[in-house]
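A.B. asks: This is the structure I have questions about; it appears just below.
There are 2 protein chains.
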Amino acid sequence: MNRQRLKGHLPLLLLTLLESTPAHGYAVLEALRRRSGGRFDLPEGTVYPALHRLEASGLLHSRWEVIAGRRRRVYATSRKGQDALTREREAWADFSGAVAAVLGGTP
Amino acid sequence: MNRQRLKGHLPLLLLTLLESTPAHGYAVLEALRRRSGGRFDLPEGTVYPALHRLEASGLLHSRWEVIAGRRRRVYATSRKGQDALTREREAWADFSGAVAAVLGGTP
DNA sequence: GGTTCATACTTAGCAATACTAGGTATCGAG
DNA sequence: CTCGATACCTAGTATTGCTAAGTATGAACC
């Protein structure tokens, strides 16, 4: 897995991971790697800016925490983010279903 | 469906449609729309350049045909394109499987 | 007590590519 | 003869994942 196949799908993944449990960026990055079985092994330069964009558009909000001398920015989904996640899930089902239909090949 | 969710996935779709039956760009565009149930209703400015890129990288080759006074550029997959299609299919299975794993949420 | 590694965050710039918006041209239907 | 569908083209834009570089802390090691 690599290249930018996930272009446009990252918000779905990040919002999903943050839906029920707030977490800081590095933890999100690790959760993504773990839950995808190592297939989404994204660099920090991908995840952090994506989180910033989501916060800038009001889908996430964050607060600073200091734990054992280390500062962390902990993100949680906003109400707007919950709604966006619902739409993202539908969009993913739609998209992957359409791809499957084309691959399935019903002329 | 909209935005650029299919970024990086277009080659898979185009190579799939051209795998067994050569076709011209406009026909590919219509086949995509039809087989996806209208969900991939892509503008010409998306499809034509994508076909050009695939030909430039040797995955497709084309020839001009003239039918009823209209010129058409008919595309077919090359050997290299067949191999690429195989890899694209695996990459799609990998990618969509990874997304499903994250959405499924096995912590 | 200095080095190394994992943790944790940041950002300027790059690259790839779907899309916009305009263009050309043919043919059949009204 | 206009209009719509067919059929192609491309310059430019916008988005966004990624590269590469930086800062800083704590724990483990010798």
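Order-wise, the sequence lines are chains D and W. Numbers 0 to 106, taken from numbering that gives the first Met the number 0, label the letters of the first sequence in order. Numbers 0 to 106, taken from numbering that gives the first Met the number 0, label the letters of the second sequence in order. C-beta atoms are modelled at their ideal positions from N, C-alpha and C, and glycine is treated no differently.
#1: Chain W beta carbons: is any one of them nearer than 9 Å to that of A55/D?
#2: May I have a chain-ordered list of the beta strand (DSSP E) segments no shorter than 3 residues that lie completely inside the stretch 39 to 105 of chain W?
#3: Ends of the alpha helix (DSSP H) at R32/D?
#4: Does DSSP put T20/W in a helix, a strand or coil?
#5: Can you give the Cα-Cα distance for L59/D and T76/D, rounded to whole angstroms?
#6: Should R52/D be flagged as near chain W, meaning a C-beta pair shorter than 9 Å?
#7: Excluding five sequence neighbours on each side, which residues of the same chain lie with their C-beta closer than 6 Å to the C-beta of E64/D?
#8: Quick one: what does DSSP say L11/W is sitting in, helix, strand or coil?
#9: Exposed or buried, R86/D, counting other C-beta atoms within 10 Å across all chains shown (16 or more means buried)?
#10: Hey, how far is the Cα of R88/D from the Cα of L11/D?
#11: Against chain W, does H8/D count as a neighbour if the rule is that its beta carbon must be under 9 Å from one of theirs?
#12: Counting contacts by CB-CB distance shorter than 9 Å, is Q3/D in contact with chain W?
#13: Going by C-alpha distance, which of L50/D, E29/D, T20/D is nearest D40/D?
#14: Could you compute how far the alpha carbon of R32/W sits from the alpha carbon of R38/W?
#15: Can you find the residues in the same chain that come closer than 7 Å, C-beta to C-beta, to R62/D, ignoring five residues on each side of it along the sequence?
#16: Output needed for E54/D: all residues of its chain with C-beta closer than 8 Å, excluding positions within five of it in sequence on either side, in chain order.
#17: Do L5/W and G24/W have their beta-carbon atoms positioned less than 9 Å apart in this structure?
#18: Short of 9 Å Cβ to Cβ, which residues in the stretch 77 to 104 of chain W face chain D?
#19: Would V101/W and R34/D qualify as a contact pair, given that the criterion is a beta-carbon distance under 9 Å?
#20: Taking 9 Å as the CB-CB cut-off, is T45/W touching chain D?
#21: So is S61/D in contact with chain W if we call contact Cβ pairs under 9 Å?
C.D. replies: A quick look at the data gives this:
#1: no
#2: 59 to 66, 69 to 76
#3: 24 to 34
#4: coil
#5: 4 Å
#6: no
#7: R71, V73
#8: helix
#9: exposed
#10: 7 Å
#11: yes
#12: yes
#13: E29/D
#14: 6 Å
#15: V73
#16: H60, S61, Y74
#17: no
#18: R88, A90, W91, D93, F94, S95, G96, A97, V98, A99, A100, V101, L102, G103, G104
#19: yes
#20: no
#21: no
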